[in-house]
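Sequential numbering from 32 applies to the sequence shown in this note's numbering.
Idealized CB from N, CA, C, for every residue including glycine.
Have a look at the structure below before the remarks.
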Amino acid sequence: VLEAERHARVQRPRTWILVTPEMQRAVERLRALQRWLRRWRTQLYICALVVCMCALVWAAWGLHAHWRGYREPWRNLLALTTQAARALW
Numbered sequence: 032v033l034e035a036e037r038h039a040r041v042q043r044p045r046t047w048i049l050v051t052p053e054m055q056r057a058v059e060r061l062r063a064l065q066r067w068l069r070r071w072r073t074q075l076y077i078c079a080l081v082v083c084m085c086a087l088v089w090a091a092w093g094l095h096a097h098w099r100g101y102r103e104p105w106r107n108l109l110a111l112t113t114q115a116a117r118a119l120w
C-alpha cells in the first residue's frame, strides 16, 4: 500500500494549455488540409490503377495483333527474343 501511495505522489501534475480562437482556427485549417490530402491521395491511387490497367490491356491487345498470323506464337516470340539478344551481344 505504501509503495502505491508513493507512486501516486510522484505522478506529474496535469498541465492545462489555453487554446485561443486563432489556435483553434489553425488546427481546423490543418485538419481540413489533411482531409483534402487524404482524398487527393486516394484519387491519385485510383488514377494510377486505371492507367496501369489500360497499359496492360494495350499490351495484351498489341501482342494479340502481333501474334494473329502465327501458327506457333510462343516459338516465334522465342526466336524474336534470341534475335534481339544476338543483336545486343
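Rounded to whole angstroms, what's the CA-CA distance from residue i to residue j? Just pull it up for me.
| i | j | result |
| --- | --- | --- |
| E53 | R70 | 26 Å |
| R66 | C78 | 19 Å |
| N107 | A96 | 14 Å |
| L94 | Q74 | 30 Å |
| R62 | R72 | 15 Å |
| A118 | L111 | 10 Å |
| R60 | L87 | 41 Å |
Per DSSP, what kind of secondary structure is residue i in: helix, strand or coil?
| i | result |
| --- | --- |
| R56 | helix |
| V50 | coil |
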